[in-house]
Every structure is written in structure tokens, then in C-alpha cells.
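Engineer:
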Amino acid sequence: MTASAAFRLDRVSVTFNGTAAMHEVDLSIAPGEAVAFVGPSGAGKTTFLRLLNATQRPTGGCVRVDGRCLGTLSSKELRALRSRIGFVRQDLALVPNVRVIHNVLAGRLGRMGLLQSLRAMTFPSQAMSMAAHEILERVGIGEKLYERTDTLSGGQQQRVAIARALCQQPTALLADEPVSSVDPARARDTVALLTRISRAEGLTLCMSIHNVELAREFFPRLVGLRGGRVAFDDAPDAIDAAQLADLYRLSAAEMLADGA
Amino acid sequence: MSDRAVAVRALHAARPRSTYVRWSMIGFAALTTWAWWAGDFDVADFLSPRRMANLERFLGEVRPYPLHGRPWDWGVAWHWAATMFTDGVRARAFELPSGAEAMAVTLAISVAAIVLAGIGGALAAFPAARTFATPQPFLPGSDRSKAFQRRAWGALLHGTRGLLVFMRSIPEYVWAYLLIGMLGISAWPAVLALTIHNTGILGKLDAETVENLSPRSLAALRSVGATRRQVAAVGAVPAALSRFLLYFFYRWETCVREATVLGMLGIASLGYALSEARVRDRYDDMLFYVLLGAVLVLIGDLVSAIARGIVRRSA
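Now the structure itself:
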């Protein structure tokens, strides 16, 4: 079992060109915890996840991973940290015209030198091929190892993206609306897969998700975000319909604004 | 060997492979070898003493004339360059145009040519676009055209495309050569040569842009009753305009370069001044025109890059 990451936000604010995307948020996530982030478009879910893997700098406050404040780390330390945090995006961001194995092994790039990565991207060693196969089997598509990535179905490609994140040997998995553009059955399947794997490996899992029903079903903790603030943070059973309705209530201005 | 190793090996053996990629790699290697062998590139000859002596003489000659056999002086060199730029050379036996004049003619040729080619290309784009050159554009479900109508539109499509291919398949230099024969020496052959070649290129690029436009919004215009021409004018042109402009400026860059080269055929651009200086053995003046051409191309590239940046950001 790999070590798992703990996250803590201390009065974190993020401002984009004068508009506040996150306002003095305090939150902590224990190692191995699974947390779902819900809330309307533009509530700050993506910003939140980007803070956790240090791809977004807070404009105020401090993001701590395993107790260390990210602002104090050198760029080398940040790279090492990012290499251990898996990120699964809605648009998958796979390289379409290479074989699946190369997309999976790309998860290791953060810990490889240039020559090593060139080798992994051309003639991977047997050990690497076997590692990639093992990970693909865990997400259920071991036989696709040498297929061209863009010949796979949407659901299979999503599994490749998850395999790439797992190949990082992560301490945490972050998933940014991984199921917002797939049909309900496949969405359920993917959320189940991610929560099952995280639990089995003891990984911390943070997922932003629009589907509140799925979040309630699979996650022991729900965080509602609205306008860059935490609206609620509780177990699904403790959250009532009025709170949820409040979360998604649109103001006239929001109704006309573009979602982020 | 573990089960997994066996499984991975089996998957590797059964991996989908592209024979096309493999054969093109082999073909590429073979072609490179052949080119080196058939071209007879002799490295020893390239560095022969005779060539070296030639090179030395050339380097002596390109030194500005007032500085021949004298130590280098920036002031003198600058004065010489300034005179070349404003006055050129007025010797008893011959004249060389001023740098400013040659530069202006080169620029004028390139601008005139690209404006004509831009208009021609944009107009040709529609009959050359598969989505427009069809009996019932964007509403295939309502198509009740006869076979001869489909053939007529097909003929227009392929006719336009064929014409564009023909226009761009002949290099500017060759077009200019032919046109000088027809029209005599003036700036027109250069302008028309660049126009013809670039209309061929812009027509193709613009047609591809038009074909790649979102068919839904254009179909929506059709379904409110717009004609083919109305869809083109009101829907397609605004949507494609930024791409058209990107290609327009990109080709203008090449027009500036080519306008210089075409001067070597006797049209009064920088190329003419350059070849004229060479014929008179004025290597220093020749180098001046060469550098002036480089400056002009640099300015052209810069202006084009800025314009394209603005277009891209506003698109």
C-alpha cells in the first residue's frame, strides 16, 4: 500500500484579474479520505483541485500537502510533489495517435530523465511494459496495451487516463469532473472504479462532480462550493435537500454568466 | 517466464502495425542514400584551392568601394551606404537604382500582387469548396436535384480546383518568364506572376477553410430561406475571414521575398539592381542590395507576424 497524501488549506484565496475565485477557504483532507466537491459551474471546484496539485498558486493563504506549505517549496520539490499526485481530467488529455502503453507510461515522466523518457516512449523495457500491463489490468483493459489510443472507445480512453494517473504511483488522485460528458451508466461505472481503486490502494481521492446523486452514493464526505466559499462540508446523510437547493440556486446574474 | 510476461509478449506480437509507416521509413532511407550518391557531391572539390582563391577575391570585392585597400572606417562605410540608399550609382557607362527606389518597387509589386491574389483566392474558394459546390448546400435532406445538375456542380468544383492546382503548380519565376515574353519588361509580369501563383495557393487554403466551417450555422441560414450566395456572404465570409487574413499575410511574406527574386528577370525591383551590380562586377553594391532585401523581408515578416497576431487574438 502506498503512502497517501494529506491536504490542508489555511485561509486560501485565489484571485483571477481582480475576481475572487476562492475566498479565505479553510479545509483539511485526511490521508486516504475520499471527498466529493459539488457546486454550480464557476463555484471554484477546478481551482480547488488545481491548488492541491500545485498547478495554481494561491494569491493568499497557504496550501499544505503533508504539512508542507507549497509556497515554500522549490520548483524541483514541486515537480517531485506533482509527480505523486494523479490528475484525471474531463477531457482526458491523452496523446491520441500513440499506443496505449505510451500514454500509460507518460505517468512516469515526472520521475524520468530525458533519455529514459525517450526510451519509454519508443522501446520500453520489459519491466516497464509489464508495469503498464498490470495497471491496465487493474482498470480492466489489459488487452489494449498496444492498441493505438484513438482507436479505443470513449469509456476505454477514460480508463487509459486513469491508468496514466495510477502509473504515477500516486499518493492522491484528483479527478476534475471525470464523468460530466458521458452517459449515466458509464458515469456510475467510472466513479465506482475510481473510488474502489483509491480505497484499495489507500489513496486520497478528491473529485469534483456535477452529479450529486453519484456523489452521495460513493463518497462519505461532500463539500459544497459556491462563489469560492465552502457552503457545507458533511456526510451525505447530514446534508438535506434545502442545502442542496441553496447550493444550485441561481442568481439572475449567474444565470446569464458563462460557466467556467 | 511469468504469466504476465507471456501475456505482454503475446500482446506485443499481435500489436497492430502500419505497413505504410514501415515502408515509408525504408523508402526514406533508400532515397537519402540514392540522392547522396546520384548528386555526386564531392566534398574535396568543394574545398579546392581554386575555389578558395575565388572566395578570397570575392570577399575583397564586397568591401565598400571607397574602402578598397584601406583600413576599415565605419564613417566612410556608412556614408557610402547612405549614398547608395538615396542616390544609387550614376557612372558614365551605366546606372544602378537607388536602394530606396528598388525597395519601394519591390514592396509595391508584392502588395499589388497579394491584394489581387487575396481577392481571387477568396472568390475561388466557394466554387472550390465541396460544401458549396453542390446542388443543395447544407440541406442534403431536401436535395431533389437531377443527375445532370449534380454533374454540373461536380464539374464546377473539379474545374475550379484543377485551375487552382494549375496556377500554383507553375512557380512564380516561370510565370514571370512567360509573361515577360507576352507583355514585355515592366512591373506587370511580376505582379501577375505572383498573383497567379498565390491565387492558386490562397484559393486552396481558403476553400479548405470554407469546407471546415461549422455546417450547422450555415444550414440554419439555409433553412430560413437564404440562397447559396447569401449563405456565402452573410454566414461563411464572416466566419472564415480571420483565417483568410492569416493566410493572406502569410503569403504576403513570401510575395515580398519573391518580388526580390523576380527582379533578376529584369523587372526593376531589388533583384534587378542586384543582378545588374553583379554584371558590372560591383560586388560591394551587390551586397548592399542583398542586405537591403534581407531588411525588407525582415520588415515584411515582422509586420505580417504582428498583423496575424492581432487577427488571431480577435478571432
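From first to last, the protein sequence lines stand for chains A and B.
Residues in the first sequence are numbered consecutively from 1, following the working numbering.
Residues in the second sequence are numbered consecutively from 261, following the working numbering.
All C-beta atoms, glycine included, are put in the ideal place defined by N, C-alpha and C.
Source: prediction; values computed, not measured.
(1) Taking C-alpha atoms, which residue in A:T190, A:A200 and A:C206 lies nearest to L174 of chain A?
(2) Identify every run of the alpha helix (DSSP H) within the region 87-120 of chain A, keeping only runs that are complete inside it and at least 4 residues long; order them along the chain.
(3) Output yes if chain B places a C-beta closer than 8 Å to the C-beta of S264 of chain A; else output no.
(4) In terms of DSSP beta bridges, what is C515 of chain B paired with?
(5) Which residues in chain A have a C-beta closer than 8 Å to the C-beta of V268 of chain B? List them in chain order.
(6) Buried or exposed for V218 of chain A, please, with buried defined as at least 16 other CB atoms from any protein chain shown within 10 angstroms of its CB.
(7) Note down, in chain order, every chain B residue with its Cβ under 9 Å from the Cβ of R159 of chain A.
(8) Which chain B residues sit within Cβ distance under 8 Å of M148 of chain A?
(9) Are the C-beta atoms of A289 of chain B and some chain A residue less than 8 Å apart?
(10) For the region 401-432 of chain B, enumerate the residues whose C-beta is nearer than 8 Å to any C-beta of chain A, in chain order.
(11) Starting from T15 of chain A, follow its DSSP beta bridges and name the residues at the other end.
(12) On a Cα-Cα basis, can you pick out the residue from B:E536, B:L556, B:A436 and B:G463 that is closest to P357 of chain B?
(13) Does DSSP classify V322 of chain B as helix, strand or coil?
(14) Counting only beta-carbon separations shorter than 8 Å, does L271 of chain B have a partner in chain A?
(15) Check the Cβ-Cβ distances between A265 of chain B and every residue of chain A, and say whether any is below 8 Å.
(16) List the DSSP bridge partners of I29 of chain A.
(17) Can you tell me whether DSSP reads F219 of chain A as helix, strand or coil?
(18) Which residues in the same chain have their Cβ closer than 6 Å to the Cβ of G86 of chain A, if we skip the five residues on either side of it in sequence?
(19) For the region 397-469 of chain B, list the alpha helix (DSSP H) runs that are entirely contained and at least 4 residues long, ordered along the chain.
(20) Does the Cβ of V484 of chain B have 16 or more other Cβ atoms within 10 Å, making it buried, or fewer, making it exposed?
(21) Which whole-angstrom value is the C-beta distance of L525 of chain B and A362 of chain B, which I expect to be below 8 Å?
(22) By alpha-carbon positions, which one of A:D91, A:A54 and A:R89 ends up nearest to L78 of chain A?
(23) Thinking I369 of chain B and A447 of chain B are a contact (beta carbons under 8 Å), I'd like their distance in whole angstroms, please.
(24) Exposed or buried, what is H133 of chain A when buried is set at 16 or more other beta-carbons lying within 10 Å of its beta-carbon?
(25) Considering S358 of chain B, what are the terminal residues of the beta strand (DSSP E) in which it resides?
(26) List the residues that DSSP assigns as beta-bridge partners of C206 of chain A.
(27) Would you identify the three-state DSSP class for V230 of chain A, choosing helix, strand or coil?
(28) Tell me whether L225 of chain A sits in a helix, a strand or coil according to DSSP, three-state version.
(29) In the DSSP assignment, what are the bridge partners of I85 of chain A?
(30) Going by Cα to Cα distance, which pick from A:F232, A:A245 and A:G227 is closest to L13 of chain A?
(31) Check this for me: beta carbons of D516 of chain B and G560 of chain B, under 8 Å apart or not?
(32) Going by CA-CA distance only, name the one from A:I135, A:Q116, A:Y248 and A:G61 that's closest to T15 of chain A.
(33) How would you write the range of the beta strand (DSSP E) that G60 of chain A sits in, first residue to last?
(34) If you compare alpha carbons, which of B:H418, B:A407, B:E513 and B:V550 is closest to I566 of chain B?
Structural biologist: Based on what the coordinates show:
(1) The shortest C-alpha separation from L174 of chain A is found at A:C206.
(2) 100-105
(3) Residue 264 of chain A lies beyond the residue range present for chain A, which begins at 1 and ends at 260; the question has no answer from this structure.
(4) Note: C515 of chain B sits in no beta bridge, so no partner.
(5) Going along chain A in sequence order, the residues near V268 of chain B (Cβ under 8 Å) are Q126, S129, M130, H133 and L145.
(6) Residue identity check: residue 218 of chain A is Phe in the sequence provided, not Val. Answer is buried; the Cβ neighbour count reaches 16.
(7) Near R159 of chain A there are no residues of chain B at all, since even the closest Cβ is about 16 Å away, more than 9 Å.
(8) For clarity, residue 148 of chain A is Arg in the given sequence; the question names Met instead. For R148 of chain A, the C-beta contacts it makes with chain B under 8 Å involve P276, in order along the chain.
(9) no
(10) If the cut-off is 8 Å between Cβ atoms, the region 401-432 of chain B has nothing near chain A.
(11) As DSSP reads the structure, T15 of chain A sits in a beta bridge with A:A20.
(12) B:E536
(13) coil
(14) yes
(15) Taking Cβ atoms only, chain A reaches closer than 8 Å to A265 of chain B, which makes this a yes.
(16) A:F7
(17) The answer is coil: DSSP assigns F219 of chain A none of H, G, I, E or B.
(18) A165, Q168, P170 and L173
(19) 407-429 and 432-443
(20) exposed
(21) In fact, because the Cβ distance is near 14 Å, the residues do not count as touching under 8 Å.
(22) That would be A:A54, whose Cα lies nearest to the Cα of L78 of chain A.
(23) That belief holds up - the Cβ atoms of I369 of chain B and A447 of chain B are roughly 6 Å apart, short of 8 Å.
(24) So H133 of chain A ends up on the buried side.
(25) Segment: none, S358 of chain B is in no beta strand (DSSP E) and carries neither H nor E.
(26) A:V35 and A:L174
(27) strand
(28) strand
(29) A:A172
(30) According to the sequence provided, residue 13 of chain A is Ser. The question's Leu does not apply to it. For the residues A:F232, A:A245 and A:G227, the minimum Cα distance to S13 of chain A belongs to A:G227.
(31) The identity of residue 516 of chain B in the sequence shown is Val, whereas the question assumes Asp. Yes, these two residues count as a Cβ contact at 8 Å.
(32) A:G61
(33) G60 to V65
(34) B:E513
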